[in-house]
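Before any comments, here is the structure.
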Amino acid sequence: TERNRLHLDRCLTCRSCETTCPSGVNYHRLLDIGREQVEQQVPRPLVQRLFRRLLIEVLAYPARFTPLLRVGQWLRPLLPPKLRQKVPVAKSGRRSAALPLTDRRVLVLEGCVQPGLAPEINQALETVLHRLGISVQRCPGAGCCGALPHHLSDTERAREMARRNIDAWYPALEAGAEALVVTASGCGAHLQDYPELLAEDPAYAQKAAQLKERLRDPLQILAQEPLDSLRLHPRQARLAVHTPCTLQHALKLNGATEKLLLSLGYELCTVNEGHLCCGSAGTYSILQGELSQQLRERKLQALKSDHPDLIVSANIGCLTHLVEADGTPVLHWLNLIAEDLAH
């Protein structure tokens, strides 16, 4: 019924229930099944269907999203205040010079909205890993991980994107790339589900399973490397760490960001209610605006309770959602480290 659909729509897919459940129930998979069934049995009004289709067709394709974002940023001063708040300020900055190749290399997911909103995140990954003797290889044939259409119940589109990405990455992995590194934890969580998504596809099921074995969050890469070679000069600032739900409950890396930053000499603040979602949750902040804003305000209050100088996170959606016009700066922890490297 429509009431069932309303409840499923309001779910953040934060997967906190999976961490809490003593029986290890795979709730997010049940949610995917439930949403697909409700979409089939209780079709949405035409306006809702068109809007959700528009989100997929624009946000999931960088070649469409980035130009539209640039137009919005150019027109931003002319927009009404409420709409202006939804358009992030354009960042000044140039693409860093290409770094020389090393014997070791990893692949990187470019993503869909991140190249337009924050290209400096993957640039920071390149800078940091190069200090450790690791090159970052980009695969132009890959794109959106497919999480966005998947969570909007366009599962076949998500499968198409998964196949395209595997086709782009697999030859490089076979040729010696050590891992596929994903700097957005939301994307990493979805990539981890590729084996389930393609389980019935005889041509891709095994490749999806092998890709999952090579999937790494940057935290996992740095945890295995000698960090003295970074030659880091940690800034004198107190940091509040926001651990995205996907990093906590899907990738099971809760506390890893704090452990890394402490080992590098940074000072961390106390953060309350670290288990709660910030309300970004993919397109949730667009489709469930009121609830999302309530969660955002509560999360910012918790993050700022110990008066940090800086908030760091690990997911592009959370970073964009938590930014305040005149508030505490928010950035990816990779950018923090890259900016503090000795030159």
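One gets the numbering used here by counting positions in the sequence shown from 1 and adding 146 to each.
C-beta: ideal position from N, C-alpha, C; glycine also.
Note that the coordinates shown come from a computational prediction; the quantities given were computed from them, not determined experimentally.
Remark: C-beta atoms of Leu406 and Leu399 do not approach each other more closely than 7 Å.
Looking only at Ile280, Pro380 and Cys291, the smallest Cα-Cα distance to Pro364 is reached by Ile280. In this chain, the alpha helix (DSSP H) harbouring Gln352 covers Ala351 to Arg360. Fewer than three pairs of CB atoms, one per stretch, sit closer than 8 Å, so the segment 415–423 makes no contact with the segment 359–375. As computed with DSSP, Gln219 is found in no beta bridge at all. Within the same chain, Cβ atoms closer than 6 Å to the Cβ of Met307 are found at Cys290 and Gly292, the five residues on either side in sequence being excluded.
The beta carbon of Val458 lies closer than 8 Å to those of Leu385, Ala386, Val387, His388, Thr403, Leu407, Val476, Leu477, His478, Trp479 and Leu482 in the same chain, with the five residues before and after it left out.
Going by beta carbons, Cys285 and Ala314 fall inside the 7 Å limit. In the structure shown, the three-state DSSP call for Ala293 is helix. For Ser459, the enclosing beta strand (DSSP E) has its first and last residue at Leu456 to Ser459. The bridge partners DSSP lists for Leu344 come to none. Sequence-distant partners of Gly218 (beyond 5 residues in either direction) whose C-beta falls short of 6 Å from its own C-beta, in its chain, are Val233. By the C-beta density criterion, Arg175 is exposed, having fewer than 16 other C-beta atoms within 10 angstroms. Here the alpha carbon of Asp300 sits roughly 42 Å from the alpha carbon of Leu487.
Scanning Ser409, Asp178 and Arg381 for the CA closest to the CA of Leu373 turns up Ser409. Nearest Cα to Ala427 within the set Glu413, His453, His297 and Val469: His297.
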